[in-house]
Amino acid sequence: MITTIAKKEFICLVRDGRFRWIAAIMALLLLTSLWAGLNRYQSLSDVQIASQATTEEQWVNQDDKNPHTAAHFGNYAFKAPGPLFFFDIGISNYVGSTIWLEAHKTNFAKNRPAQDNGGLSRFGELTPALILQLLVPLMLILLGFSSFSGERDSGTLRQLVSLGTGANQLLWGKLLGVAIAMSLILVPYILICSLVLSFVGEDTTGELGIRGWLLCLFYGLYIVTYLLLTLGVSAVAKSAKSTLVILVGFWAFASFIIPRVASDVSKILTPTLSYAAFYKNVKDTGWNGLEGAEGDIALSRNAHLKKVRLGLLEEYGVSSIKDLPVYWTGVSMQTVEERDYIINNKLMEELRQSFQIQQRQRDLIGFLSPVLALRSISMALAGTSLVDQEKFIQSAHDYRIDMIRDMNTELINNATMKDSLYVADSETFSMVAPYHYTAPRIDESLGQLTYNIVLVFLWFVFSLLFALRSMRRLTVL
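What follows is the structure, given as structure tokens:
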């Protein structure tokens, strides 16, 4: 009987002009989002890879100069997008993908696409993830809202029940019928995305296939959740019209209102420092020392340098820095660099924790909206989440201190206070290895999203129980 009901539901949907129009629009949007995503990925990838190669060539082939001057010349770190960037751009529009690496200063990432897009960036980019998160549920609502309430209005539901058809049989049959109809659009699209994924980008972590399957799993649960909610409401609502109003209202509430409220609440509960305030804090702490810390970073900069200077004089048994066999100016510059690197890391970690708390606060409200729980998982699997951005920034800062250390060490070992005119060439500059960003492993990406993962499953279980309970209350009149 379930198969018969599913077949009838499927045939009725396919023959319905409403389905053909909705299917055509959804197919067009899905393919357009895929094409736009691929263009966006390819364009950004080409620019970032070419730019990284250019800056590396400029670094190695710069004119012969003092190594510390070369450090001021600087280098760049570029974050090339991962293969799944075409599917979900995540926070990429609002964070930078380029960091200038220079002496004496640790910079934030720049070149945010949202800066170039102006007000249009508020509406987001057209991506496959956006279509699946927002428009596919609406499509399910428009296709399934009359599954029970419509048949009740037309009197055909009474005929089905009079034939001895059980409520659960009706539920599974209609769910299967709508699901098969939806699969006419989504299954070919998934196959196309899989084919595209096999040709684009480089799987640097060896986890691309796992990430793809997990995306299918979580999006599948999300879509079935909406389908069960749709059928459940259709079973208990008084009419098809009221079913549509309830479902569209819930969709708008869950998709737009709750995410915005969650974002605003998290900013109020956990405010973060502005760019200017953060760097002022870094600068002031660098001069005055890190309060509450242990070791030399708790000292003021002058006190720290004095301690290092006295230590060197004692180590080499001389009374003046002019008599040191190493270049004191280079030692002092590197001491400040190492000190500021540690201080910056500690302050950056505090800032990261604030962002992570904001993220958790937004996710906690996900019990009111299935899309909130899914969105963070989708970004994490696509490599466009906060975790990915934090790793890029940290890897660039780690690369920067290594680069500065190499240049200052070269200066320390080859110059003295009596003879400071040391000039390095391309052989010295080539000691600095090219920058390469390595994406987080899947366990790093999903490590902080246990709540979200559980919530996606809980939404699925809730929708299933709701649909089953609604079928017990199903009436034919």
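According to this note's numbering, the stretch in the sequence shown is residues 40 to 516, in order. C-beta atoms are modelled at their ideal positions from N, C-alpha and C, and glycine is treated no differently.
Cβ neighbour criterion (16 or more within 10 Å) applied to residue i
i	result
Val272	buried
Leu411	buried
Asp427	buried
Trp252	exposed
Arg161	Only weak support exists for where Arg161 lies, its pLDDT of 47 falling under 50; the coordinates are left without a value.
Arg508	exposed
Leu159	Note that Leu159 scores 45 on pLDDT, short of 50, meaning its location in the model is unreliable; the coordinates nonetheless yield the value given after this. Exposed: under 16 other Cβ atoms inside 10 Å.
Ser185	buried
Arg54	exposed
Val284	exposed
Leu504	exposed
Gly129	buried
Ala472	exposed
Gly486	exposed
Gly245	exposed
Lys430	buried
Leu349	exposed
Gly356	exposed
Pro227	exposed
Residues near residue i by beta carbon distance below 8 Å, same chain, minus five either side
i	result
Leu194	Looking at the sequence provided, one finds Gly at residue 194 rather than Leu. So the list is empty, once near-sequence residues are dropped.
Leu52	Phe58, Leu182, Gly216, Val217 and Ala220
Val462	Asp103, Lys104 and Asn105
Ile41	Gln208, Trp211, Gly212 and Leu215
Gln198	none
Arg378	Gly325, Asp335, Ile336, Arg340 and His343
Ser233	Gly251
Lys306	Gln397
Val26	Past the boundaries of the shown model lies residue 26; the chain is included only from 40 to 516, so the question cannot be answered.
Leu351	Ile360, Leu363, Val365, Trp367 and Val370
Ile432	Ile138, Phe147, Ala148 and Met387
Own chain residues within Cβ distance below 6 Å of residue i, not counting five before or after
i	result
Pro120	Tyr80, Leu83 and Ser84
Ala45	Gly212, Leu215 and Gly216
Gly157	In this prediction, Gly157 scores a pLDDT of 49, lower than 50, which makes its location untrustworthy; no coordinate-derived value is stated.
Arg529	Within the shown structure, residues of the chain are numbered from 40 to 516, placing residue 529 beyond reach of any answer.
Tyr380	Ile440
Ile170	Leu68, Leu69 and Ser72
Residue i - partner residues in DSSP beta bridges
i	result
Asn114	Leu140
Lys149	Thr137
Lys104	Ala463
Minimum C-alpha distance to residue i - residue among the options
i	options	result
Asn341	Gly331, Gly356 and Met372	Met372
Pro479	Trp98, Thr166, Ala301 and Leu425	Leu425
Met418	Ile249, Val462, Ser131 and Gly259	Ser131
Leu256	Ile416, Gly189 and Tyr380	Ile416
Leu33	Val495, Lys280, Ser278 and Leu73	Residue 33 lies beyond the residue range present for the chain, which begins at 40 and ends at 516; the question has no answer from this structure.
Leu270	Trp139, Gly189 and Leu69	Gly189
Thr29	Lys385, Val134, Trp498 and Asn447	Absent from the structure is residue 29, since the part of the chain shown begins at 40 and ends at 516.
Ala116	Glu389, His475 and Gly248	His475
Asn78	Gln97, Leu165 and His111	Leu165
Phe406	Val86, Ile297 and Leu169	Ile297
Leu69	Glu388, Leu312, Ala435 and Phe125	Phe125
Ile422	Ile231, Leu247, His143 and Leu177	Per the sequence shown, residue 422 should be read as Gly rather than Ile. Checking every option, the nearest Cα to that of Gly422 belongs to Leu247.
Arg391	Ala293, Ser281, Phe317 and Leu254	Phe317
His107	Ala142, Ser136, Leu123 and Thr94	Ala142
Thr555	Thr137, Asn327, Ala274 and Pro167	Any property of residue 555 remains undetermined from this structure, which presents the chain solely from 40 to 516.
Arg299	Arg401, Gln97 and Phe238	Arg401
Ser136	Ser434, Ala276, Ser484 and Ala454	Ser434
Ile404	Gly56, Asn491 and Ile262	Asn491
Ser408	Leu494, Glu333, Glu96 and Lys457	Leu494
Presumed contact (8 Å Cβ cut-off) between residue i and residue j, rounded CB distance
i	j	result
Leu344	Ile382	The pair is not a contact, with the Cβ atoms about 14 Å apart (cut-off 8 Å).
Met65	Ile224	6 Å
Leu210	Phe499	The pair is not a contact, with the Cβ atoms about 15 Å apart (cut-off 8 Å).
Leu460	Gly369	That pair is no contact at about 13 Å.
Lys346	Asp362	Contact flag wrong, Cβ pair sits at about 19 Å.
Leu286	Ile443	Not quite, the Cβ-Cβ distance comes to about 58 Å (not below 8 Å), so this is no contact.
Thr467	Ser393	About 40 Å separates the two Cβ atoms, so there is no contact after all.
Ala293	Asp192	So it is not a contact: roughly 26 Å between Cβ atoms.
Ser502	Leu177	With a Cβ gap of about 16 Å, Ser502 and Leu177 do not count as contacting.
Gln172	Leu413	6 Å
Gln87	Lys118	7 Å
7 Å Cβ shell around residue i - same chain, five flanking residues per side excluded
i	result
Asn100	Ser465
Phe289	none
Trp139	Gly113, Tyr115 and Asn146
Asp437	none
Asp127	Thr166, Ala168, Ser417, Met418, Ala421 and Thr423
Gly76	Phe125, Phe126, Thr166 and Pro167
Asn453	Tyr461
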